[in-house]
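Residue numbers (our numbering): 48 to 298.
Just so you know, even glycine gets a beta-carbon here, dropped at the ideal spot from N, CA and C.
Some notes on the structure that comes next.
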Amino acid sequence: MSRLKASSPSESCVATGRSGVSRTTVERESSPELVQTGGNSGCSSARYRDEVRLAGAPTLPPKSLASYIHFFFAGLLKQGQTGGIVPSQKFLVEKMLSPIPQDFSGLVVELGAGSGALTLRLARRCPLARILACEINPVLASDTRMNLARAGLDRRVQVVAEPAEKVLGDLQRNQTGVDFVVSGIPLGTLDRERALALIRCVHRTLTPGGMYIQFQHSLLDRKKIESCFNGLRTVQAFLNFPPAVVYFARK
Ligand SMILES: C[S@@+](CC[C@H](N)C(=O)[O-])C[C@H]1O[C@@H](n2cnc3c(N)ncnc32)[C@H](O)[C@@H]1O
Numbered sequence: 048m049s050r051l052k053a054s055s056p057s058e059s060c061v062a063t064g065r066s067g068v069s070r071t072t073v074e075r076e077s078s079p080e081l082v083q084t085g086g087n088s089g090c091s092s093a094r095y096r097d098e099v100r101l102a103g104a105p106t107l108p109p110k111s112l113a114s115y116i117h118f119f120f121a122g123l124l125k126q127g128q129t130g131g132i133v134p135s136q137k138f139l140v141e142k143m144l145s146p147i148p149q150d151f152s153g154l155v156v157e158l159g160a161g162s163g164a165l166t167l168r169l170a171r172r173c174p175l176a177r178i179l180a181c182e183i184n185p186v187l188a189s190d191t192r193m194n195l196a197r198a199g200l201d202r203r204v205q206v207v208a209e210p211a212e213k214v215l216g217d218l219q220r221n222q223t224g225v226d227f228v229v230s231g232i233p234l235g236t237l238d239r240e241r242a243l244a245l246i247r248c249v250h251r252t253l254t255p256g257g258m259y260i261q262f263q264h265s266l267l268d269r270k271k272i273e274s275c276f277n278g279l280r281t282v283q284a285f286l287n288f289p290p291a292v293v294y295f296a297r298k
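Below, the structure is given as structure tokens:
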């Protein structure tokens with residue numbers, strides 16, 4: 048069995064001390080499995096040959112043109128739900144992912160995956176992580192699956208076409224430990240009570256010390272997140288269209 052070296056954690060990583068692994072070698076195996084939402088153990092390092100190889104790749108293949116068109120029309124026709132007409136861009140996504148150690152081997156939950164702008168980069172950045180991504184719009188969920196498959200990153204990512212509230216509820220019922228929740232859901236378009244309910248649901252799903260990473264286009268939701276979490280840091284991402292702000296909230 049040959050061994051491949053995994054990429055090292057970036058300097059900006061915040062080690063969780065719980066599910067991050069110190070292991071730096073990954074063994075070969077031929078048939079990786081999909082994420083099991085009910086499980087919470089670390090991944091077997093033997094499953095991720097292709098993902099480790101891709102983690103070192105300089106670029107991701109472009110997402111399908113159809114997925115951009117679908118996102119654009121979702122943004123026009125379902126404005127409140129989609130919250131934009133173009134997917135997030137690299138600079139914003141990399142800022143959002145920076146606290147997640149590259150050797151993280153637990154479960155990362157993504158809310159509002161769109162066509163997979165963040166999902167693909169997350170899967171490439173963290174070759175040992177399991178990823179559960181939800182997207183309420185079934186066309187975009189299917190585009191995310193397709194874009195992951197095109198990039199060869201689909202084997203440890205599960206994409207469900209379900210609302211975030213249901214996915215988080217299921218994770219709580221199954222007592223699945225989640226250290227990171229990343230979200231693009233447009234909180235600003237939700238009414239106050241629904242936004243607060245979603246934030247509280249994220250808080251309940253996270254393990255103590257876990258992190259909720261949410262991007263928005265304004266600071267209007269800051270107080271809502273602060274009211275639920277112990278620590279909150281905000282970072283501007285000007286190099287995105289439209290410019291965004293990232294909330295990093297620690298449970
Ligand atoms: C601003 S887009 C972000 C898409 C992608 N993450 C990105 O960064 O390009 C927000 C996405 O959240 C989805 N969404 C909105 N409400 C949702 C909910 N309750 N559950 C799951 N997805 C939701 C929308 O359909 C949309 O694709």
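Q: Give a single yes or no on whether V140 has its beta carbon closer than 8 Å to a heavy atom of ligand 1.
A: Here residue 140 refers to the residue found at position 93 when the sequence shown is read from its first residue. It does: the Cβ of V140 is within 8 Å (strictly closer) of some heavy atom of ligand 1.
Q: For L179, name the three-state secondary structure that DSSP assigns.
A: Along the sequence shown, one-based indexing puts residue 179 at 132. DSSP places L179 in strand when its eight states are reduced to three.
Q: Thinking E212 and L234 are a contact (beta carbons under 8 Å), I'd like their distance in whole angstroms, please.
A: Taking the sequence shown and counting its residues from 1, the one referred to as residue 212 is at position 165. Taking the sequence shown and counting its residues from 1, the one referred to as residue 234 is at position 187. Wrong, their Cβ atoms sit about 13 Å apart, outside the cutoff.
Q) With distances taken from CA atoms, which of D217, D190 and A188 is nearest T252? A) Here the question's residue 252 lines up with position 205 in the sequence shown. Minimum Cα distance to T252 is reached at D217.
(Q) Here's the rule I'm using: 16 or more other beta-carbon atoms within 10 Å means buried, otherwise exposed. How should E240 be labelled? (A) Numbered from 1 along the sequence shown, position 193 holds the residue referred to as residue 240. Around the beta-carbon of E240, fewer than 16 other beta-carbon atoms lie within 10 Å, marking it exposed.
Q | For S162, three-class secondary structure by DSSP | A | Mapped onto the sequence shown, residue 162 falls at position 115. Coil.
Q. In chain order, which beta strand (DSSP E) runs of at least 3 residues are fully inside the stretch 242–267?
A. 253–263
Q: Flag F118 as yes when its Cβ comes closer than 8 Å to any non-hydrogen atom of ligand 1, and as no otherwise.
A: Sequence index remark: in the sequence shown, residue 118 carries index 71 (1-based). Answer for F118: yes, Cβ within range of ligand 1.
Q. If we count the other Cβ atoms within 10 Å of its Cβ and call it buried at 16 or more, is N277 buried or exposed?
A. One-based indexing of the sequence shown puts residue 277 at position 230. Exposed, since its Cβ has fewer than 16 Cβ neighbours within 10 Å.
Q) Short check: CB of A188 to CB of A170, under 9 Å? A) Position 141 of the sequence shown, counting from 1, holds the residue named residue 188. Position 123 of the sequence shown, counting from 1, holds the residue named residue 170. Cβ distance not < 9 Å, so A188 and A170 don't count as in contact.
**Q.** Beta-bridge pairing of L154 - partner residues as DSSP gives them
**A.** Sequence index remark: in the sequence shown, residue 154 carries index 107 (1-based). R177.
Q. Who are the near neighbours of A198 in its chain, counting only those whose CB is closer than 6 Å to its CB and skipping five residues on each side?
A. Within the sequence shown, numbered from 1, the residue matching residue 198 stands at position 151. For A198, where only same-chain residues beyond five positions count, the Cβ hits under 6 Å are L107, P108 and L167.
Q. Residues bridged to L279 by DSSP?
A. For the purposes of this step, residue 279 is taken as the residue at position 232 of the sequence shown. In the DSSP output, where bridge partners are listed per residue, L279 has A296.
Q. Exposed or buried, which one is P289 when buried takes at least 16 other CB atoms within 10 Å?
A. Taking the sequence shown and counting its residues from 1, the one referred to as residue 289 is at position 242. Answer is exposed; the Cβ neighbour count stays below 16.
Q: Give me the Cβ distance between V228 and F262, rounded to the nearest whole Å; I'm assuming they're in contact under 8 Å.
A: Looking up residue 228 in the sequence shown gives position 181. Looking up residue 262 in the sequence shown gives position 215. Not a contact, Cβ separation roughly 12 Å.
Q) Rounded to a whole number of angstroms, what is the C-alpha to C-alpha distance between P255 and R297? A) Residue mapping note: residue 255 aligns to position 208 of the sequence shown, counting from 1. Residue mapping note: residue 297 aligns to position 250 of the sequence shown, counting from 1. Each residue's Cα considered, the two are about 8 Å apart.
Q: Can you tell me the Cβ-Cβ gap for E209 and C181, rounded? I've got them flagged as a contact below 8 Å.
A: In the sequence shown, the residue the question calls residue 209 occupies position 162. In the sequence shown, the residue the question calls residue 181 occupies position 134. Contact between E209 and C181 holds, since their C-beta atoms are separated by about 5 Å, short of 8 Å.
Q: Identify whether V138 lies in helix, strand or coil by the three-state DSSP scheme.
A: Counting from one through the sequence shown, the residue named residue 138 turns up at place 91. The amino acid at residue 138 is misidentified as Val; the sequence shows Phe. Three-state DSSP puts F138 in a helix.
Q.
So if DSSP puts A291 in a beta bridge, which residue, or which two residues, is it bridged to?
A. Counted from its first residue, the sequence shown places residue 291 at position 244. Paired residues: A284.
Q) Are M193 and S111 close, meaning C-beta to C-beta below 9 Å? A) Counting from one through the sequence shown, the residue named residue 193 turns up at place 146. Counting from one through the sequence shown, the residue named residue 111 turns up at place 64. In this structure, S111 lies closer than 9 Å to M193 by Cβ.
Q.
L158 and L215 - do their beta-carbons sit closer together than 9 Å?
A. The residue you call residue 215 lines up with position 168 of the sequence shown. The residue you call residue 158 lines up with position 111 of the sequence shown. Yes; because the gap between Cβ atoms is below 9 Å, this pair is in contact.
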